[in-house]
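Chains A and S supply the protein sequences, listed in that same order.
Here the first sequence stands for residues 96 to 346, where the numbers follow my numbering.
Here the second sequence stands for residues 728 to 1186, where the numbers follow my numbering.
Notes follow once the structure below has been shown.
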Amino acid sequence: MKDAFGTPQSLLVLGGASEIGLATARRLVVRRTRTVWLAGRPSPALDEAAAGLRDLGADVRTTAFDALDPESHEEGLGKVFAEGDIDMVLLAFGVLGDQARDEDEPLSAVRVAQTNYTGAISSGLVCARALQTQGHGSLVVLSSVAGERARRSNFIYGSSKAGLDAFTQGLGDALHGTGVHVMVVRPGFVRSKMTAGLEEAPMSTTPDAVAAAIETGLRRRSETVWVPGKLRVVMSALRHVPRPLFRRLPI
Amino acid sequence: MPADSPSVAPFEAVSVSGWGRTAPTTARLVRPRTQEEAAAAVLGCGERGGIARGLGRAYGDAAQNAGGDVFDMTGLDRVHTIDADAGTVVCDAGVSLHHLMEVLLPLGWFVPVTPGTRYVTVGGAIGADIHGKNHHGSGAFARHVLAMDLLTADGAVRTLVPGTPLFDATAGGMGLTGVILSATVRLQPVETSLMSVDTERATDLDDLMARLTATDHRYRYSVAWIDLLARGAAMGRSVLTRGDHAPLDALPARARARRAPLAFRPGQLPAAPSFVPEGLLGRRSVGLFNELWYRKAPRWRTGELQKISTFFHPLDGVPHWNRVYGRGGFVQYQFVVGYGKEEALRRVVRRISERGCPSFLAVLKRFGDADPGWLSFPMPGWTLALDIPANLPGLGAFLDELDEEVAAADGRVYLAKDSRLRPEMLAGMYPRLDDFRALRAELDPRGVFRSDLSRRLAL
Chain A
96 MKDAFGTPQS
106 LLVLGGASEI
116 GLATARRLVV
126 RRTRTVWLAG
136 RPSPALDEAA
146 AGLRDLGADV
156 RTTAFDALDP
166 ESHEEGLGKV
176 FAEGDIDMVL
186 LAFGVLGDQA
196 RDEDEPLSAV
206 RVAQTNYTGA
216 ISSGLVCARA
226 LQTQGHGSLV
236 VLSSVAGERA
246 RRSNFIYGSS
256 KAGLDAFTQG
266 LGDALHGTGV
276 HVMVVRPGFV
286 RSKMTAGLEE
296 APMSTTPDAV
306 AAAIETGLRR
316 RSETVWVPGK
326 LRVVMSALRH
336 VPRPLFRRLP
346 I
Chain S
728 MPADSPSVAP
738 FEAVSVSGWG
748 RTAPTTARLV
758 RPRTQEEAAA
768 AVLGCGERGG
778 IARGLGRAYG
788 DAAQNAGGDV
798 FDMTGLDRVH
808 TIDADAGTVV
818 CDAGVSLHHL
828 MEVLLPLGWF
838 VPVTPGTRYV
848 TVGGAIGADI
858 HGKNHHGSGA
868 FARHVLAMDL
878 LTADGAVRTL
888 VPGTPLFDAT
898 AGGMGLTGVI
908 LSATVRLQPV
918 ETSLMSVDTE
928 RATDLDDLMA
938 RLTATDHRYR
948 YSVAWIDLLA
958 RGAAMGRSVL
968 TRGDHAPLDA
978 LPARARARRA
988 PLAFRPGQLP
998 AAPSFVPEGL
1008 LGRRSVGLFN
1018 ELWYRKAPRW
1028 RTGELQKIST
1038 FFHPLDGVPH
1048 WNRVYGRGGF
1058 VQYQFVVGYG
1068 KEEALRRVVR
1078 RISERGCPSF
1088 LAVLKRFGDA
1098 DPGWLSFPMP
1108 GWTLALDIPA
1118 NLPGLGAFLD
1128 ELDEEVAAAD
1138 GRVYLAKDSR
1148 LRPEMLAGMY
1158 PRLDDFRALR
1168 AELDPRGVFR
1178 SDLSRRLAL
């Protein structure tokens, strides 16, 4: 069960090797979390992540999960929930893709969408139903500012996050009153291995800052969290910039 | 199901939280109106179990059950018999102490123990084994319960008397042994419905402890409001209010109260609004309140006549006062450390005061003998209760540190107020926890009785 500050005792991270996912898990384990499930494609990185959390004192288990294989989600995630209540699900998987290549190779662009969007729909719905049966729990979904308004430089990734964001908002409204809390997290540019080598955008942030914002959001039972917080103001201005001007902005 | 079916109580799915309004979860709320309906509800609950709930005054998650059933016991609200000669009452578990006072005071009787609110049920009073300002002389509530009927997981009703294991597990057992249906309670005789109150100020924590230690035994009721924001030399400055039921001859000769000395008129202010902005109770506003509250108290005043509601239940005058903390809610932290562990108490008070936790409802009290309930909270020593807005950054980690201090001093925190304790801390604080778990495993192998509290702390 979550405590009065929204800190979960059990956590399921979808995308178990995700840097933001792990930074959040570490933060929560230090506070309260005892049981952590890391769901991801079996890999040395996943095992390493599990070992790191075990060192902090958590009871960590890994389970195979592939966003691109939605048929397996119901069964695979069902097994996790059958083992006991999950207080928080963190939907942290996602790929950035390579905009230039993806524009030339439609199939690789589709893979970005399938991972970030349709993969999240199936796993998100499976988890939402399980949480609803429990009558409690938080579903935290990592969206992105890139989904707020599509930009020339990364609209394939951005469109997938836009879909994910809209889906999560709708799901949150659908689950309102069921005891399940759904939170959209919209980080700006996060310095991590996913963005290594990319030119840093203004107001960039770190996985640890996102983790801290998630912890605060849980305490406040927020529905939307921007990281850093001032992005909310910036993006609500950018959203209304006319297209001809927006196109020319160096972002 | 036909509407007139007698066996199934009405139910609805609702979001349930404790008085602190943190961590709400959703449950099916079942409202049995008879003992038979209660038994049907217990036998009919699903695999996520059920838990009895009274008036929802537990601060944390004791009376919530995510995804399962919550039995709203306020439908069982009949006072069965009152023995006005012997001073006992037999009533349903859903009867509130407020109602008991309305019924009993005109007959010259008072409830044996009342907490800071009248709006708790008899069932809840036993389940949390509540204490009041008279604990140092009278013990906790269950010590005045002569018998109770408990509905257990098998649907049977057992009559329990004090001194038996199931009685002692149920007293303070947070509703996890079964559903209390009714109880026989021994009452306190009174001549009037007024209190005779002595008020004095203590300039700091040591002064307060010295005054309480020296003269507490002279008073039936004793408590101290403590200013936890005061720092330095004033740390722990307090207002002691101690007293007893006023005897008839204490009322002034021609006073109106003389004509109806047992009248019970609590009075009520308008309710707190349903929306209150967050952060209203910050360090500055609470600091100002505390300063005024301390200054307005007389340095020394004896024999003041106060209404029962003023003395015991000042907050009941404002319905829904818990809303003043805004949407984020608040946590109550109450712990006890034994006599001889005053240093731990001092350290905790110092840490709270140095951190500047905005708490305006902090009270310190001396407990008397420990109670027989296995999970009863009181033990001989000092208990401090305070409430803090839950949205205070870093509060979770800070309270964890206080837990460490309390545990190191062989103290404990109060489950009826808890919403955030680390499960690992529990066994050290409640030495009979294993007995409790064993009894539950035997009595309720399917785990019918479950709450968010029992899940969170693995009770």
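We put the beta carbon where it would ideally sit given N, CA and C, even for glycine.
No experiment lies behind these values; they were computed from the predicted model shown.
Anyone know if the C-beta pair for residue i and residue j falls short of 7 Å?
i	j	result
S:V950	S:V1064	no
A:F188	A:G110	yes
A:A99	A:A144	no
S:F798	S:G773	no
S:L935	S:A929	yes
S:A973	S:T919	yes
S:A785	S:T752	no
S:G851	S:G781	yes
S:G905	S:S1103	no
A:V207	A:V190	yes
A:V280	A:V320	yes
S:G1056	S:V1003	no
A:V240	A:L185	no
S:T897	S:L914	no
A:I115	A:P302	yes
S:T1110	S:R1028	no
S:G1209	S:R964	Residue 1209 of chain S lies beyond the residue range present for chain S, which begins at 728 and ends at 1186; the question has no answer from this structure.
S:Y1141	S:Q1061	yes
S:A750	A:K256	no
A:T157	A:L172	no
S:V1133	S:A880	no
A:E243	A:M330	yes
Let me make sure I understand the geometry here. Which of the options has the alpha-carbon closest to that of residue i?
i	options	result
A:A308	A:A332, A:P282, A:R286, A:K288	A:P282
S:G814	S:G794, S:H871, S:R784	S:H871
S:L903	S:V917, S:R983, S:M1152, S:A1143	S:A1143
A:A296	A:Q264, A:P345, A:R327	A:P345
S:D933	S:W1027, S:D925, S:S1103, S:L1072	S:L1072
A:D199	A:Y212, A:I251, A:V235	A:I251
S:P1150	A:T130, A:V221, A:S331	A:T130
A:T263	A:V235, A:V285, A:E114	A:V235
S:Y754	A:L151, A:V277, A:E318, A:Q227	Reading off the sequence shown, one finds Ala at residue 754 of chain S, where the question assumed Tyr. It is A:Q227 whose Cα lies nearest to the Cα of S:A754.
S:G802	S:L770, S:E764, S:F837	S:E764
S:S865	S:V849, S:S1001, S:P839	S:P839
S:M1152	S:E1005, S:S1146, S:E1131	S:E1131
S:S1146	S:R947, S:R1164, S:L1126	S:L1126
S:H863	S:T942, S:E1069, S:K1068	S:T942
S:S1178	A:R127, A:E178, A:G230, A:R334	A:G230
S:A718	S:W746, S:R1011, S:I953	Outside the displayed span of chain S (728 to 1186) sits residue 718 of chain S, for which this structure offers no information.
A:L151	A:P165, A:G173, A:L123	A:L123
S:D1043	S:V847, S:H858, S:R885	S:V847
S:A1097	S:H858, S:V743, S:A766	S:H858
S:D931	S:V888, S:V917, S:W836, S:W952	S:W952
S:M901	S:V888, S:I853, S:V884	S:I853
A:V322	A:R316, A:V285, A:L313	A:V285
A:N211	A:A223, A:A261, A:A195	A:A261
A:A215	A:G179, A:D161, A:A225	A:D161
S:S744	A:L293, A:G272, A:V328	A:G272
S:R845	S:N861, S:G835, S:F837, S:L824	S:L824
To the nearest whole angstrom, what separates the beta carbons of residue i and residue j, a pair I think is in contact under 8 Å?
i	j	result
A:A245	A:S238	The pair is not a contact, with the Cβ atoms about 14 Å apart (cut-off 8 Å).
S:R679	S:D856	Coverage of chain S is limited to positions 728 through 1186, which leaves residue 679 of chain S absent and any answer about it impossible.
S:V830	S:V912	12 Å between Cβ atoms; not a contact.
S:K1068	S:A1136	4 Å
Checklist entry - Would you call the segment 988 to 997 of chain S and the segment 1114 to 1130 of chain S touching, i.e. three or more CB-CB distances under 8 Å? => result no
Checklist entry - Taking any Cβ of chain S, which residues in the segment 302 to 321 of chain A have a Cβ under 7 Å from it, in chain order? => result R314, R315
Next on the checklist: Under 7 Å, CB to CB, which of the residues in the segment 259 to 287 of chain A have a partner in chain S?
Outcome noted: G272, T273, G274
Checklist entry - For the 8 Å Cβ check, are there 3 or more pairs between the segment 1072 to 1088 of chain S and the segment 1155 to 1162 of chain S? => result no
Checklist entry - Taking Cβ-Cβ distances below 9 Å as the criterion, which residues of the segment 99 to 123 of chain A are in contact with chain S? => result A99, F100, G101, T102, Q104
Checklist entry - the segment 210 to 234 of chain A: which residues have C-beta closer than 7 Å to a C-beta of chain S, in chain order? => result T228, Q229, G230, H231
Next on the checklist: With a threshold of 8 Å, are at least 3 pairs of Cβ atoms found where one atom belongs to the segment 954 to 965 of chain S and the other to the segment 1015 to 1029 of chain S?
Outcome noted: yes
Next on the checklist: Short of 8 Å Cβ to Cβ, which residues in the segment 326 to 337 of chain A face chain S?
Outcome noted: none
Checklist entry - Between the segment 1098 to 1114 of chain S and chain A, which residues of the former have a C-beta closer than 7 Å to a C-beta of the latter? => result none
Next on the checklist: Please identify, using Cβ separations under 8 Å, the residues of the segment 1055 to 1078 of chain S that lie next to chain A, in order along the chain.
Outcome noted: G1055, G1056, V1058
Checklist entry - Of all the residues that make up the segment 929 to 959 of chain S, which are near chain A by a beta-carbon distance shorter than 7 Å? => result none
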